[in-house]
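Structure first, then comments.
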Amino acid sequence: MTGKEIRESFLSYFESKGHTRVKSSSLIPANDPTLLFTNAGMVQFKDYFLGKEKPPFKRATSCQKCMRAGGKHNDLENVGRTGRHHTFFEMLGNFSFGDYFKKEAIEFAWELITKIFKLPEERLYVSVYEKDDEAFEIWNKVIGIPEHKIYRLGEKDNFWAMGDTGPCGPCSEIYFDRGKEFACGESCEIGKCDCDRFLEIWNLVFMQYERDEKGNLTILTKPSIDTGMGLERIASVLQNVPSNYETDLLFPIVKWASETAGIPYGKEEKSDVSMRVIADHLRAMTFLIADGCLPSNEGRGYVLRRIIRRASRHGRLLGIHRPFLSEGVDVVTNIMGDVYPEIVENERFIKQVIRKEEERFSRTLEKGLELLQEIINKIKKEEKTTIPGEEIFRLYDTFGFPLDLILEVANDERLKADTEGFEKLLKAQKERARKTWKGGIQKVISPELAELSENNPSIFKGYEKLETTTKVTGILKGENLTDELKENEEGIVFLAETPFYPEKGGQVGDTGIIESPNCKCAVLDTQNITETLIGHKIKVERGSIKIGDTVKAKVDKGRREAIKRAHTATHLLHKALREVLGNHVKQAGSLVLPDRLRFDFTHFDSVKEEELKEIEKLIFKWIIENLPVSIEEMPYDKAIETGAMALFGEKYGDVVRVVSVGNVSVELCGGTHVERSGDIGMFITLSESSVSSGTRRIEAVTGLKAWEKERTEREIVNTLKIMLQSKEEEILQKIEKLKGNLKQKEKEIERLKKKLATSGIDDIVSAAPIINGIKVITARIDGYTGKELVEIADVIRNKAGTSAVMLISHKDGKSNLLIALTKDLTDKYKAGKIMREIAPILKGKGGGRPDMAQGSAQDLSRINDAFEAFKKIFE
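Residue 230 in the numbering used here sits at position 69 of the sequence shown, and the numbers go up by one each step.
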């Protein structure tokens, strides 16, 4: 069976068993700060397992694209060195949300692998959690697997948990015996050996407990099933090949790497490892970029950058010294493009990102080799034999310089490398990265909130109206539900119907008032507590609010209208950016506020002033055309077919809301919008800046805020006209003229200051004592910068001959300190070392070269002591 046939057979089988086929979600988890990447099939169903959302189906099946290259699940270092580890892979899975449990899950799995995939039963083994007698009995009594082929393993191997708290449970793994030729020795056994003979092909997780903060386990009322089967692994078994890399899912890329390098695959293990790394990493980088990840120096972007550079480095090991990886994207799209159309749609952009990053890495390698040589020269000069761990880590972490290349160069130079010190620093850095991405523990919502969410979901009426009479269905104070909030208390109120828009999709939550004859409450913010439960953060200003109260909910109309203008403007901005800069531009984030908007987008270069001007002009054109804004709900697939743009990282349901602005813009969006583009009024860009490598940001204002911005700038122009006594069109010319005059005067002042400073040099030099043949000159001359002191010291040394100079100058609240020696003294004395002795007397610090050192001083009350200490150095 081909990889494509295996994927389809799995999904079709579970569809025949009543499962809903669900598309793979993005590699960038939607609304989940606890994960770096989507690393398992269950990630997109996480909120169903946590009870935050009610699943629209009881059974599901999917083929999920996954990434493991950071955090808890990190297979990066093993990639290429084994036949089964990957950064990117596909995970086949079937899921039950409180429907069937262990018996059905085991029966489904056994039928699929023995009847559909036709794996011989005699080569199949299973493991269960050591305390899970129920699973053991099902495998033994129902399926008929002999006891000696069922292995009871401990918690480390066969107990799964979502986190420190939350859903968890035992699991059962299915293994395939690949034969003695894959064994590492005579004692190969499941649970005791990690060789390739017994290959784990499927993991069945029985989610039957909830673990609290104290580690106590409570049986769930609706236990669930979560299974995962690596597509590449099962393909290697069904295609009877030695490793995942020989399957039709990966081997075409390995073959391409081999042909590009001109080295046959299978000839030498070292080059084979490099080809496998390139094959794996090419898939990873292609899918990450297609899902909106771009190279950067932190988080997900850092992982992507590392993957591209690692693949590029392995290309160099194969003798490929040019940017080549982008050429391999075609091979990836040929294999997987029909299943994952996003890699085909973004192919040109993916290639551009990879090529630019490879070119940057080439420059990094050149710079790194220079720095490494400087370090080596310093070590040899100091007659040392080891490159320090911190220097290796600096080259590796700051400059992306490969460790193996550092070790190779060190070996050539007959030096050792402190790899132990490097590993300690690397471990500390990984720990920092882990903490950065740990996020808050995803807690299961309380049973009371889950019940409220299911029985009394909030019905959003804010698209049609800004005011409604409704009932209070629940009140949350802190983390507990309560019956009442009294005057001056804060909490979260739930309503049967609400006009308040909860924050999502970049649009902030509504504010306003909830009131009744018994109370008046200020609504400070609106958020989704669960998928179906809208929470209104309130402060009771008068009276008290109780469950069951009939209240009037009123949105702040002026604020909502301003938000609507800004939100529709982001759609026009997105379209204008694509028109002017190119179709590679994709939204990478947004923030829609009543007073301004922020829009992040993928683009490699800064947006030039002329381009910004063209973007603004296009938006103004669409605004004055007063285009109709239409909103329609339709199935997701139909919306995509009609050309609607889906945004990176957003989570969409089966039915989506499509917002169209005339024939200009069509996007999937749940936000609130104006009725016609003319309602935006005005649009003015405030700034354009870099967020990270490959991501830019535009901030802008609309409506009255745009008018205020334009009016302020007009007032500035009018003020300048009066101050400069010129016409508007002459302002810039006059300012340039003034700048020129000012520069000329500054030069004249500098010339006069130097003349004044050096006019008394003869007196300073002649008055200075000669100590052991050295003219030792000390002076305080205020009003000069550190740079100016250097110039003055040069004049003094030229006049004085063999001399040591110490100058102090106070200017603009800062005291500058300078020590200078003539070259003939630097064999015996070092200006930098002298600075480190003298500066502390003045509560200062500094350093520098043997002939010149600069520093600063905090306390000039001991200036005479400092001068005396300076003189004593030469006695």
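For every residue, glycine included, the Cβ atom is placed at its ideal position computed from N, Cα and C.
DSSP places Thr863 in the strand class (E or B) of the three-state scheme. Assigned with DSSP and collapsed to three states, Ser1022 falls in helix.
For Pro755, there is no enclosing beta strand (DSSP E), as DSSP marks it with neither H nor E.
For Arg1010, the CB contacts under 7 Å within the same chain, skipping 5 residues up- and downstream, are Ala992, Gly993 in chain order. Counting along the chain, the unbroken beta strand (DSSP E) around Gln688 starts and ends at 680-691. A Cβ-Cβ separation of about 6 Å places Ser838 in contact with Val822 under the 8 Å criterion. By the neighbour-count definition (other C-beta atoms within 10 Å, threshold 16), Met446 is a buried residue. The region 688-773 contains, as complete alpha helix (DSSP H) runs of 4+ residues, the segments 718-742 (chain order). Under DSSP, the beta-bridge partners assigned to Met1013 are Ala981. Within the model, the alpha-carbon separation for Asn787 versus Thr672 is close to 28 Å.
In this chain, Ser186 is not harboured by any beta strand (DSSP E), its DSSP state being neither H nor E. Residue state for Gln668 is assigned as strand, using DSSP reduced to three classes. Selection His482, Thr693, Met436, Glu420 evaluated against Gly212 yields Thr693 as nearest (Cα-Cα). Two segments are said to touch when three or more pairs of C-beta atoms, one from each, lie closer than 8 Å; by this definition the region 617-626 does not touch the region 582-590.
Apart from sequence neighbours up to five positions away, the residues of its chain that approach Arg958 with a beta-carbon distance below 7 Å are Ser964, Val966, Ala981, Thr983, ordered along the chain. Between Leu172 and Leu392, the gap from beta carbon to beta carbon reaches 8 Å or more. Counting other Cβ atoms within 10 Å of its Cβ, Leu893 stays below 16 and is therefore classed as exposed. Listed in chain order, the non-local C-beta contacts of Lys341 below 8 Å within the same chain comprise Arg358, local neighbours out to five positions each way being set aside. In this structure, Thr630 is the residue among Gly743, Thr630, Val716, Leu779 with its C-alpha nearest to the C-alpha of Gly709. Restricting attention to Asp558, Leu610, Arg872, the CA atom closest to the CA of Lys588 is found in Asp558. C-alpha of Arg245 to C-alpha of Asn364: approximately 15 Å in a straight line. Counting along the chain, Thr388 sits inside no alpha helix (DSSP H); it lies in the beta strand (DSSP E) bounded by residues 378-391. Three or more beta-carbon pairs separated by less than 8 Å are not found between the region 274-284 and the region 408-422, which leaves the two stretches without contact. By the Cβ test, the region 323-343 is in contact with the region 286-301, since at least three Cβ pairs between them sit closer than 8 Å.
With respect to the 8 Å criterion, Phe1031 and Asn933 are not classified as neighbours on the basis of their beta carbons. Shortest Cα-Cα distance from Met497 to any of Leu968, Glu214, Gly164 involves Gly164. Secondary structure of Thr873 (DSSP, three-state): helix.
His442 sits in a helix when the DSSP states are folded into three classes.
Its chain contains Ala723, Asp756, Arg757 as the residues whose beta carbon lies nearer than 8 Å to that of Lys866, once the 5 sequence neighbours on both sides are disregarded; these appear in chain order.
DSSP places Glu371 in the uninterrupted beta strand (DSSP E) bounded by 359-372.
By the CB criterion at 8 Å, Val303 and Val438 fall outside the cutoff. When secondary structure is reduced to three states using DSSP, Ser607 falls in the coil class, being assigned neither helix nor strand. Here Leu378 is exposed: its Cβ has fewer than 16 other Cβ atoms, across all protein chains shown, within 10 Å. For Glu612, the three-state secondary structure derived from DSSP is helix. By the criterion of at least three beta-carbon pairs nearer than 8 Å, the region 451-460 is in contact with the region 510-529. Counting the other CB atoms within 10 Å of its CB gives Ala928 a total below 16, which places it among the exposed residues.
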